[in-house]
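Take a look at the structure set out below.
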Amino acid sequence: MAINKDNEALKTAIDQALKELTDDGTIPTIINKYIPSDTKVETKEVEAATYPEFTTVQEGKLIMATNAYFPPYEYYEGENVTGIDVEIAAAVAGKLGLELVIEDIEFDSIIAGVQAGKYDIGCAGMTVTEDRLKSVNFSTPYATGIQSVIVTEDSKITSLDDLLGGTYKVGVQSGTTGDIYMTDEVGEDRIERFAKGNDAVIALQSGKIDAVVIDNEPAKAFVAASK
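Note that this note's numbering has the sequence shown beginning at 1, numbered continuously upward.
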């Protein structure tokens with residue numbers, strides 16, 4: 001979770017809530033719901049944390065900025081936004097006695113919005129990077145992710161070396177880890193940026209680009225949805 005640098009008390013409270021929710025099994029249960037594993041999740045009672053006094057953008061509310069097109073972390077189910085980040089943020093809000101309010105915005109605007117004090121937190125499957133840490137603080141991480149390459153079934157790209165070594169056009173969601181990594185590796189000329197990860201996949205299917213680089217779990221969701 002990205003948090004405004006000037007709100008250290010809120011970061012402390014969120015970190016305490018995350019620890020409590022991890023220790024009692026709530027967060028592992030949420031993650032296992034969306035990303036099933038063979039690891040048994042244990043739930044237990046833990047001592048309730050004592051939270052510091054803090055302020056939020058609106059009293060009684062925890063305003064979360066996200067880009068709700070990044071399953072399973074955040075996505076629409078009907079008219080409602082759900083997913084790993086959403087359920088964890090709701091659990092944190094509950095611990096802090098707050099109502100969670102979700103604002104679905106462009107991914108590129110999340111860090112700037114949190115930095116400007118428009119939102120309390122930013123959650124969008126976001127990787128902690130040195131560049132982002134210059135603008136905002138981050139809570140204790142509760143999930144890890146790796147990057148994956150999506151190609152069509154008839155693609156000649158069979159490895160990362162193929163992708164990096166060729167002249168292939170690569171689609172990324174603007175501002176994401178995939179964008180940062182691939183821009184560093186192949187340069188601006190080969191990068192095609194999209195506001196949503198799914199838009200990149202649609203462009204791949206229509207032959208406008210040759211590959212998509214995005215987090216592994218959203219990649220699996222996009223591929224499954226395209227079949």
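Positions of the beta carbon are idealized from the N, C-alpha and C atoms, including for glycine.
Is it the case that the Cβ atoms of A93 and E99 are separated by a distance below 8 Å? Taking the sequence shown and counting its residues from 1, the one referred to as residue 93 is at position 93. Taking the sequence shown and counting its residues from 1, the one referred to as residue 99 is at position 99. Yes, the pair counts as a contact, with Cβ atoms nearer than the cut-off.
I'd like to check one pair, D210 with I150: are the Cβ atoms closer than 8 Å? Position 150 of the sequence shown, counted from the first residue, corresponds to residue 150. Position 210 of the sequence shown, counted from the first residue, corresponds to residue 210. Not closer than 8 Å, so no.
With 16 other CB atoms within 10 Å as the buried threshold, where does A91 fall? Residue 91 sits at position 91 when you count from the first residue of the sequence shown. Answer is buried; the Cβ neighbour count reaches 16.
Can you list, in chain order, the residues of its chain whose CB lies under 6 Å from that of G113, leaving out five sequence neighbours each side? Numbered from its first residue, the sequence shown carries residue 113 at position 113. Same-chain partners within the cutoff: A65 and Y119.
Do you know offhand how far I180's Cα is from F194's? By one-based count along the sequence shown, residue 180 stands at place 180. By one-based count along the sequence shown, residue 194 stands at place 194. In a straight line, the C-alpha of I180 is about 13 Å away from that of F194.
For the beta strand (DSSP E) containing N4, name the first residue and the last one. Counting from one through the sequence shown, the residue named residue 4 turns up at place 4. For N4, the enclosing beta strand (DSSP E) begins and ends at A2 to N4.
Find the nearest neighbour of G178 within the set P141, V223, T127 and Y142, judged by alpha-carbon distance. One-based indexing of the sequence shown puts residue 178 at position 178. When each option's Cα is compared against that of G178, the closest is T127.
Counterpart residues of M64 in DSSP-defined beta bridges: Here residue 64 corresponds to residue number 64 of the sequence shown, with the count starting at 1. Its beta-bridge partners are I102 and I121.
Does the region 154–169 come close enough to the region 19–27 that 3 or more CB-CB pairs lie under 8 Å? no
So, under 8 Å CB-CB, D108 and S174 are touching, yes? Tell me the CB distance rounded to an integer number of Å. Position 108 of the sequence shown holds residue 108. Position 174 of the sequence shown holds residue 174. So it is a contact: roughly 5 Å between Cβ atoms.
So what does DSSP say about F54, is it helix, strand or coil? Position 54 of the sequence shown, counting from 1, holds the residue named residue 54. Here DSSP, grouped into helix, strand and coil, assigns F54 to coil.
Taking the straight line between their C-alpha atoms, what separation do you get for R190 and V201? If you number the sequence shown from 1, residue 190 lands on position 190. If you number the sequence shown from 1, residue 201 lands on position 201. Taking the straight line joining both Cα atoms gives about 16 Å.
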